[in-house]
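Participant:
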Amino acid sequence: MIIIANILTMLMNVAGAIAAFWLGAAMLGILLLLMCGMHALWFFLARSRIPLAAELLKSSVDVLSTYKTVYAVNLMMCFLCAGFTILWGYAMVPPLDRANKGTAGVGTGFLIFFLLLSLFWTQQVVGNLMHVTTAGLTATWYFAGKNNMPRNPTLASFKRGVTTSFGSICFGSLLVAIIRVIRVIVSSAENSNHEVLRCIFLCIINCLENLLEYFNTYAFVHVAIYGCGYIEAAKKTWELCKQCAFAAIFNDSFIDVTLSLLIVGGSLLIGAIIGFLYFSYVAFAVAFLVSILVHSLLFAPITSGVTTFFVCYAEVPEGLQHSAPELYAAIHSADQNGTGNNAQAPRV
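For the sequence shown, the positions run 1 to 348 when full-length UniProt numbering is used.
1) Out of curiosity, what's the CA-to-CA distance linking Phe220 and Leu211?
2) Just to confirm before moving on: does the CB-CB distance between Cys36 and Met10 stay below 8 Å?
3) Run through DSSP, which three-state label would Thr307 get?
4) Count the other CB atoms within 10 Å of the CB of Lys146; is the residue buried (16 or more) or exposed (fewer)?
5) Would you identify the three-state DSSP class for Tyr142, choosing helix, strand or coil?
6) Can you give the Cα-Cα distance for Ile331 and Leu52, rounded to whole angstroms?
7) Report the three-state DSSP secondary structure of Ser291 (helix, strand or coil).
8) Please confirm whether Leu117 and Val181 have their CB atoms less than 8 Å apart.
9) Would Tyr214 pass as a contact of Gly172 if the rule is Cβ separation under 8 Å?
10) Out of Tyr328, Val306, Ala329, Leu327, state which residue places its alpha-carbon closest to the alpha-carbon of Leu64.
11) I believe Tyr142 touches Cys312 by the beta-carbon criterion, under 8 Å. Please report the beta-carbon distance rounded to the nearest angstrom.
12) If you drop the 5 nearest sequence neighbours on each side, which residues of the same chain put their C-beta closer than 8 Å to that of Leu297?
13) Kindly list the residues whose CB is nearer than 6 Å to the CB of Ala17, restricted to its own chain and excluding five residues on each side of it in sequence; keep chain order.
14) Specify the secondary structure class of Val63 as computed by DSSP and reduced to three states.
15) Below 7 Å CB to CB, which residues in the same chain sit around Cys203 once its five sequence neighbours on both sides are set aside?
16) For Leu56 versus Asn251, is the C-beta distance shorter than 8 Å?
17) Going by C-alpha to C-alpha distance, which of Val162, Phe113, Ser59 sits closest to Ile255?
18) Buried or exposed: Gln344, going by 16 or more other Cβ atoms within 10 Å of its Cβ?
19) What residues in its chain sit with their C-beta under 8 Å from that of Val282, if we drop five residues either side in the sequence?
20) Once you ignore the five residues that flank Ile3 on each side, which residues in its own chain have a CB closer than 6 Å to its CB?
21) Kindly list the residues whose CB is nearer than 8 Å to the CB of Thr140, restricted to its own chain and excluding five residues on each side of it in sequence; keep chain order.
22) Determine the direct distance from the alpha carbon of Leu269 to that of Val257, and round the result to whole angstroms.
23) Span of the alpha helix (DSSP H) holding Arg198?
24) If I'm right that Gly271 touches Ser291 with Cβ under 8 Å, what's the distance once you round it to whole angstroms?
25) In the DSSP assignment, the alpha helix (DSSP H) including Asn100 goes from what residue to what residue?
26) In whole angstroms, what separates the C-alpha of Ala26 from that of Asn216?
27) Would a C-beta distance cut-off of 8 Å place Val126 and Cys81 closer than the cut-off?
28) Can you give me the C-alpha to C-alpha distance between Ala233 and Ile179, rounded to a whole angstrom?
29) Give the secondary structure of Asp335 by DSSP, where H, G and I count as helix, E and B as strand, and everything else as coil.
30) Under the rule that 16 or more other beta-carbon atoms within 10 Å means buried, what is Glu315, buried or exposed?
31) Considering just the uninterrupted stretch of the alpha helix (DSSP H) at Asn13, what are its terminal residues?
32) Looking at the structure shown, is Val184 part of a helix, part of a strand, or coil, going by DSSP?
33) Between Asp335 and the rest of its own chain, which residues show a CB-CB distance below 6 Å, the 5 nearest in sequence each way excluded?
34) With Arg183 and Ala189 assumed to form a contact (beta carbons below 8 Å), what rounded beta-carbon distance in angstroms separates them?
35) Less than 8 Å between the CB atoms is what I'm expecting for Thr308 and Thr138, so what's the real figure, rounded?
36) Do you know whose CA, among Leu174, Tyr328, Ser165, lies nearest Glu209's CA?
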């Protein structure tokens, strides 16, 4: 599936380039061809890492197909986040109205800042809580094995997320939320005299935000596995980065391309069917967007599971050797670059 997804992605770039040249958009066509060439070069150079990514993806799907409660937990959290967002929208109307009328004072500015921070912080906390829940479930399976799983492991992982690990989740989420608020404020600022500086600053902020979000993905896996605080998890994540950062990046890239193609492809198919049945472009667009949201919700735990399997195997490969010898043999055989390092087992 990973190989097929990458080949299809490159073919779509070529098809897009041909269409661009046909329509006279030569620069777009050249850009798409360059993207295809870079993708092909990266795919060729990283081809030895495909077997490991495939085994981790298969393992994550197998675990989550057994414990489907994680999807119910994620759906519940999404509804709660949606409800909060609606209430937040009502609260945001008055200060924005005063700002548009030019009657806003310092207090209104602080209120808008606080409301933006509360929105981004809540969204980050909800997303990271779902991530930690899935990571905790996957880590439990990794070390216990399918025959020794405790009762209701998903709910137990969720309970740890909203109790002992909640402070760590909130702290790590706050860091990203603050950066996001700064980005929004800078983006909304109107100052033509310093437009170049604003663009440079926005680029730096965007890069910092993306790096921190990616770092948090692994930090919160450590929170789920070890039950440690965010600072300790960040230290463990940094040690993991020094050990196998490129292996993690290659693995995530393969998984992201595969799942993204499945999400978009499945959503296009559903949208096309609905649009054909109702003979409406609007029906196609609505069905496509709704399908994107649903597929993203369903595939998010798979990504969390893959990340958790990677972290566990990179740090404690012998844990899987004891709990699932056959799976360990398959992953060890696929790991042609020596990701596992026989690190110290986590505290229980």
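Virtual Cβ for every residue (Gly too), placed ideally from N, Cα, C.
Facilitator: According to the data block:
1) 14 Å
2) yes
3) helix
4) exposed
5) helix
6) 6 Å
7) helix
8) yes
9) no
10) Val306
11) 5 Å
12) Tyr71, Asn74, Leu75, Cys78
13) Gly29, Leu32, Leu33
14) helix
15) none
16) yes
17) Ser59
18) Legend: pLDDT at Gln344 = 40, less than 50; position of this residue unreliable, value from coordinates given subsequently. Per the 10 Å Cβ criterion, exposed.
19) none
20) none
21) Met149, Pro150, Pro153, Ala156, Ser157
22) 18 Å
23) 195-226
24) 6 Å
25) 69-101
26) 40 Å
27) yes
28) 20 Å
29) coil
30) buried
31) 2-23
32) helix
33) Leu52
34) With 8 Å as the limit, Arg183 and Ala189 do not qualify as a contact, their Cβ atoms being about 11 Å apart.
35) 4 Å
36) Leu174
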